[in-house]
Each structure stands twice: as structure tokens, then as C-alpha cells.
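To start, the structure itself, in C-alpha cells.
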Amino acid sequence: MSPIETSYPSSSPDRATARLGSSLHFKGEISGNEDLHVDGSVEGLIHLDDRKLTVGASAKVTADVIAREVVVFGNVKGNLQARDRIEIKKDGAVVGDLTTARIMIEDGAYFKGSIEIDKTGDGDDAKSSFSKATKGTTVTSSSTAS
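Numbered continuously in the working numbering, the sequence shown closes out at residue 938.
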């Protein structure tokens with residue numbers, strides 16, 4: 793039995809999603825042609841060119857990431873490069889540099905690093921394309937219960 797489970801969502805049967813469970817720890821390089829949902833820990837490199845990476849709330853990722861889309865609910869230390877978009881959800885934390893065409897950082901999320909907006913949608917040409925960079929950006933927010 794494989795420690796990485798593949799499921800087929802009912803809304804899109806041709807779109808496979810692999811899941812790395814919360815008790816699993818992976819060191820090395822992950823590459824593939826399907827979406828990946830990580831709940832465990834990963835150290836190394838995640839390379840999913842045309843696919844989506846979801847970092848679950850319990851996940852701890854210490855890796856550079858190259859994907860079409862990255863959504864972070866947990867913790868990431870490493871550089872993220874997404875051709876389409878990066879989302880850091882309210883309880884998510886990212887320490888590293890981001891390169892993407894679109895970015896969303898929710899109130900309550902933590903981010904430390906730089907952001908480069910790649911208008912071409914192709915991370916490989918980010919340095920030569922029109923871009924907006926913010927160095928040393930830290931986004932923090934706290935909310936108090938009423």
C-alpha cells in the first residue's frame with residue numbers, strides 16, 4: 793500500500809489529487825502531473841508545473857515550490873513560484889520569496905519575504921518582465937475575540 797493516496801473528486805473525475813497524510817514525513821523531491829494536498833511534513837523540492845499544491849493546516853513544508861497554484865493553510869519555509877496564483881489563508885504562514893501573477897494574503901496570515909508579481913504568468917521570464925517587488929514585506933495581523 794502506497795503512503796501517498798490518490799483520490800478522484802466527484803466534481804472533476806479527470807483531475808487526480810494526491811494526498812500526503814498528517815503522519816507522513818517526506819524528504820527529497822516531489823514532482824508529478826496531479827494536484828497535491830500535503831498534511832504531513834515535506835523537506836526538499838515540490839515541482840508540479842501545471843498543478844495545484846495545497847498545504848494543509850497541519851502541514852509543515854520546508855521546501856521550494858514550483859506549481860501553477862499554491863494555497864497555504866499551514867506552514868511553509870521556502871520560495872514559492874506559482875504561474876497563476878498564491879493564496880496564504882488566515883492561519884497560514886510563509887517565510888520565503890514569492891513569484892506569481894496573482895497573490896492573496898488573508899487577514900491573520902503571516903508572511904515574511906519578498907513578492908514579485910510576474911505579469912507574464914510564466915515564472916521563468918519573471919526577471920525580464922514587468923514586475924513589482926516588495927522586499928522584506930511582513931504581513932501580520934491579530935484579531936481579538938469580542
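Don't be surprised by glycine CBs; every beta carbon is placed ideally from N, CA and C.
Shown here, GLY836 sits in a strand according to DSSP, grouped into three states. Proximity to GLY905 across VAL863, LYS911, LYS869, ARG877 peaks at LYS869, based on C-alpha coordinates.
Residue state for ALA851 is assigned as coil, using DSSP reduced to three classes.
The C-beta distance from ASP831 to ARG843 rounds to 17 Å, too long to fall under 8 Å, and the pair is not in contact. According to the DSSP assignment, GLY905 belongs to the beta strand (DSSP E) that extends over 902-910.
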